[in-house]
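Everything below concerns the one structure shown next.
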């Protein structure tokens with residue numbers, strides 16, 4: 087919205103969202119997409135760039151892309167700079183970084199879980215999403231504690247009047263209700279999975295025990311109050327829960343410790359209060375409480391981690407002159423945790439190949455309560471001395487209490503507009519990230535670790551010609567002080583000796599011509615790591631040199647929409663097993679790993695199709711019927727390898743087969 091940020095005021099003056107929506111959609115399709123569009127609606131415009139690379143898409147468009155099953159957040163994987171995570175692993179792989187190095191923010195609050203069961207569907211329904219913005223690298227000093235990239239998700243305001251909707255698919259069922267009067271609106275929604283019906287066929291049947299299909303649920307509650315023309319008070323309460331439980335009677339002989347109860351659950355809840363004041367000095371204050379619980383068990387080993395995050399963000403913006411805009415803020419995270427752990431001592435997993443069997447490991451126990459405090463302050467200045475050039479300088483200071491370390495991260499962005507519709511970008515900056523709890527905890531790891539550090543550099547160009555927008559950006563990332571295992575696992579187990587390097591190029595093209603929308607993105611990236619200064623450089627676990635995504639969506643008369651998505655991704659690296667040795671104490675074979683990530687799986691290829699029909703009724707009601715078919719060609723995509731008990735033979739683990747998803751949504 088133009089109201090949301092003073093940076094948008096100039097851009098909004100040039101925008102006419104209502105006219106553009108009608109011209110682009112055309113006829114009945116436009117009426118169905120925005121049935122309540124009328125004169126006086128707030129204009130929407132693209133915000134001035136504050137990051138080296140930012141891709142902004144409307145949730146309405148992302149939710150209709152083939153392969154997303156109507157879930158806009160699934161569309162993140164189709165944007166430039168985004169890799170493909172392994173099956174059911176979730177997370178974001180941005181510019182050759184691990185998922186732990188990137189973060190997702192919903193209305194400015196970092197959430198610990200983006201997808202149910204690591205990728206099945208997002209934790210926030212499509213109906214409440216407004217905009218999704220991806221910054222794969224070089225982000226502003228407003229965000230920190232990450233060395234990869236960020237994704238920002240914005241929820242929309244509830245509508246006035248009274249509206250309701252319900253949706254039924256083969257995966258889940260959900261319902262929502264919203265309404266109110268001018269200045270005071272609210273909404274509630276809930277969703278429950280139906281995965282039990284079809285997911286059982288995807289669970290191995292040779293475990294020798296009872297296996298329960300996974301289940302998930304989530305909920306949302308929203309309240310927006312405008313006590314004055316210059317103030318907004320917003321309340322957001324939402325949460326999600328995933329659970330999977332099973333019983334393994336016979337582990338098959340490869341690991342005797344894997345028997346008995348197996349499974350886990352994860353849940354989080356967010357309660358956020360946000361106040362926005364618009365004036366000569368714009369204020370944006372947000373406070374959120376985020377309980378997060380993880381409970382994972384397998385045999386006698388297990389982890390129960392309970393965390394409560396108290397997150398405060400306060401930001402002030404002002405423009406002392408027309409050519410200068412200042413932004414200052416505080417960003418604090420206080421976490422109270424309670425961890426109960428019984429399992430093998432944590433070690434470096436990335437770049438080490440297959441781990442020893444659980445039966446051969448000595449279990450350690452940890453029962454601890456504690457707190458971490460991570461305050462930060464930032465200052466950013468945006469200067470436009472000439473119409474063709476903008477310089478943005480930022481500085482961020484962080485403190486990580488768990489390792490008692492300060493970091494200072496300067497960042498710079500230069501924008502040059504040589505001609506109308508064109509922009510050249512150059513950026514450089516430092517980024518910091520604290521180690522994981524298991525790496526810095528005194529009993530399990532090393533509290534004297536250094537923060538993870540990264541330097542991002544990028545050069546790019548973007549342009550518009552008619553209804554097409556395209557661009558390219560080359561990037562380089564240097565990484566250092568990465569936590570890696572000490573030689574032989576000697577105390578203190580971890581040390582800050584790892585380094586890394588990522589180089590790549592992103593290309594994208596977007597075409598909007600009447601009823602046709604096409605998106606294309608290609609990312610080339612090579613990600614390398616070195617575990618210690620004298621070690622050879624090796625391939626990173628999440629290295630994916632080639633990532634291609636092509637999407638097309640065509641609006642037809644009478645409410646029909648057809649779409650297709652094709653993805654090609656280089657296969658994931660893999661470490662060969664050179665042999666195995668028999669461990670008499672545990673009665674298992676231990677793998678002998680070869681050169682780390684010397685192999686690479688076959689490339690991933692998938693074609694998805696989507697067909698949708700919308701009926702619009704008198705009074706504003708709509709009925710939407712859609713069919714989303716994943717992996718139309720039933721491609722046999724590999725997701726890894728499964729070895730037998732003595733590592734003499736293996737079989738590939740295949741990904742999802744052809745998977746149709748039929749859904750029906752009614753709303754008013």
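Numbering (our numbering), first residue to last: 87 to 754.
C-beta atoms are modelled at their ideal positions from N, C-alpha and C, and glycine is treated no differently.
Owing to the predicted nature of the structure, the values given are computational and were not obtained by experimental measurement.
Do you know how far the Cα of residue j is from the Cα of residue i?
i: residue 456; j: residue 214; result: 35 Å
i: residue 444; j: residue 179; result: 28 Å
i: residue 664; j: residue 385; result: 28 Å
i: residue 507; j: residue 412; result: 25 Å
i: residue 248; j: residue 706; result: 11 Å
i: residue 374; j: residue 357; result: 5 Å
i: residue 515; j: residue 607; result: 25 Å
i: residue 466; j: residue 310; result: 29 Å
i: residue 544; j: residue 164; result: 21 Å
i: residue 305; j: residue 498; result: 40 Å
i: residue 231; j: residue 262; result: 35 Å
i: residue 381; j: residue 181; result: 30 Å
i: residue 595; j: residue 556; result: 4 Å
i: residue 505; j: residue 653; result: 34 Å
i: residue 589; j: residue 610; result: 8 Å
i: residue 631; j: residue 312; result: 49 Å
i: residue 314; j: residue 453; result: 50 Å
i: residue 624; j: residue 615; result: 5 Å
i: residue 542; j: residue 649; result: 36 Å
i: residue 751; j: residue 238; result: 26 Å
i: residue 253; j: residue 244; result: 18 Å
Using DSSP's beta-bridge definition, name the partner residues of residue i.
i: residue 590; result: 561 and 611
i: residue 434; result: Paired residues: none, contrary to the question.
i: residue 428; result: 388 and 451
i: residue 208; result: 201
i: residue 473; result: Answer by DSSP bridge pairing: none, since residue 473 is not bridged.
i: residue 446; result: DSSP lists no partner for residue 446.
i: residue 256; result: According to DSSP, which records beta bridges pairwise, residue 256 is partnered with nothing at all.
i: residue 310; result: 271 and 320
i: residue 52; result: With the chain represented from 87 up to 754, any question about residue 52 goes unanswered, as that position is not in the structure.
Identify whether residue i lies in helix, strand or coil by the three-state DSSP scheme.
i: residue 750; result: strand
i: residue 242; result: coil
i: residue 318; result: strand
i: residue 526; result: helix
i: residue 140; result: coil
i: residue 392; result: strand
i: residue 496; result: strand
i: residue 738; result: strand
i: residue 694; result: strand
i: residue 232; result: coil
i: residue 722; result: coil
i: residue 490; result: coil
i: residue 659; result: strand
i: residue 160; result: helix
i: residue 187; result: helix
i: residue 687; result: coil
i: residue 579; result: coil
i: residue 171; result: coil
i: residue 247; result: strand
i: residue 281; result: helix
Checking 9 Å against the spacing of the C-beta atoms, do residue i and residue j come in under that value?
i: residue 365; j: residue 438; result: no
i: residue 281; j: residue 203; result: yes
i: residue 488; j: residue 513; result: no
i: residue 679; j: residue 662; result: yes
i: residue 442; j: residue 676; result: yes
i: residue 550; j: residue 517; result: no
i: residue 534; j: residue 570; result: no
i: residue 716; j: residue 742; result: yes
i: residue 687; j: residue 724; result: yes
i: residue 753; j: residue 250; result: yes
By Cβ distance, which residues of its chain are closer than 7 Å to residue i, with the 5 residues on each side in sequence left out?
i: residue 240; result: 193, 216 and 217
i: residue 419; result: 395, 397 and 460
i: residue 189; result: 196, 232 and 236
i: residue 553; result: 597, 598 and 599
Cutting at 6 Å between CB atoms, please list the residues of its own chain near residue i, excluding the five before and the five after it.
i: residue 492; result: 485
i: residue 698; result: 647 and 712
i: residue 266; result: 246 and 272
i: residue 372; result: 194, 360 and 399
i: residue 636; result: 606 and 652
i: residue 422; result: 394 and 457
Leaving out five residues on either side along the sequence, give the residues of the same chain with a beta carbon under 8 Å from the beta carbon of residue i.
i: residue 303; result: 276, 277, 278, 279, 326 and 327
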